[in-house]
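Numbering (the working numbering), first residue to last: 434 to 500. Where is the CB? At the ideal position from N, CA and C, for every residue including glycine. As the structure is a computational prediction, the values presented were derived from the model and not from experiment. Notes follow once the structure below has been shown.
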Amino acid sequence: MLFIRAYFVVKESLGRLTTLDVEVKDVDVTDGVWTIQAQSEYSIVNEFRAWLEKATDGKGSIEELAS
Numbered sequence: 434m435l436f437i438r439a440y441f442v443v444k445e446s447l448g449r450l451t452t453l454d455v456e457v458k459d460v461d462v463t464d465g466v467w468t469i470q471a472q473s474e475y476s477i478v479n480e481f482r483a484w485l486e487k488a489t490d491g492k493g494s495i496e497e498l499a500s
């Protein structure tokens, strides 16, 4: 199973970068150009929300991370 890393900037003032490993569904290389099909954006956003809720003790607010 192959994974790529998706990066999210949580908040500039935090100077914090959050990463999620995202499962790759398909890879195509044509004329040296790589096309990677991964989880849908919806899935990635849901994973990020789940991480955010865990990181903020269920509050699910980015502002909570700054305090």
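Nearest-angstrom Cα separation, counted from residue j out to residue i
i      : j      : result
Val462 : Asp490 : 42 Å
Val460 : Gln470 : 6 Å
Lys584 : Val478 : Summary: the structure shown does not reach residue 584, with the chain confined to residues 434 through 500, and so no result is reported for it.
Leu551 : Glu456 : Nothing about residue 551 can be read from this structure; the chain reaches only from 434 to 500.
Glu480 : Gly465 : 31 Å
Trp467 : Ser476 : 22 Å
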